[in-house]
């Protein structure tokens, strides 16, 4: 839990639990998922993010046969570019977390990766102090995260001096 309320000069917020950690900044959310992270917790975290900011999204690179590109689009992914790479295609999609079908497919792909290794996820969002505070409050309700480390402007300046 936070030892004191967040202040408006917040630059970033690091939130950690046993198998997941999250770093919030004004334009990005970076999530580390350990191999033993429960996929239901991952779903709850990403769902909270999409509720706090419905515009939150992830850019996903996929290598697949051409006909699978439309499967991703049918599941809510937004194709931004593709190019042939040998027998397959390299497709870049935006995954809007507010689309339930896209979120579910995204989580399934992360769960598959977690069987092999830890996973890092980068999200774009419209952060800012109000959304950072709101997301922090929602994440606290999960009763999972044990460390909350806010970094403020003046602390950043003193580290740089």
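Residue numbers (this note's numbering): 741 to 901. From the three backbone atoms N, C-alpha and C, an ideal C-beta is built for every residue, glycine too. Please read all numbers here as calculations on a predicted model, not as lab measurements.
The alpha-carbon of residue 781 is positioned some 16 Å away from that of residue 877. Residue 795 sits close to residue 866, with the two beta carbons spaced by under 8 Å.
By the Cβ neighbour-count rule, residue 800 is buried, with 16 or more other Cβ atoms within 10 Å of its own. Between the beta-carbon of residue 894 and that of residue 749 there is about 7 Å, and that keeps the pair under the 8 Å contact cut.
For residue 827, no alpha helix (DSSP H) run applies, since DSSP gives it neither H nor E. Counting of Cβ neighbours within 10 angstroms places residue 797 among the buried residues, the total reaching 16 or more.
When DSSP states are grouped into helix, strand and coil, residue 889 belongs to the strand group. The DSSP-derived three-state label of residue 759 is coil.
According to DSSP, residue pairing for residue 797 in a beta bridge involves 836, 864. Bridge pairing for residue 770: 763, 862 [DSSP]. Where residue 779 is concerned, the enclosing alpha helix (DSSP H) starts and stops at 779-792. Taking C-beta atoms as the reference points, residue 779 and residue 859 fail to come closer than 8 Å. According to the DSSP secondary-structure assignment, residue 802 is paired through a beta bridge with 831. Residue 870 sits exposed, since fewer than 16 C-beta atoms from the chains shown fall within 10 Å of its C-beta.
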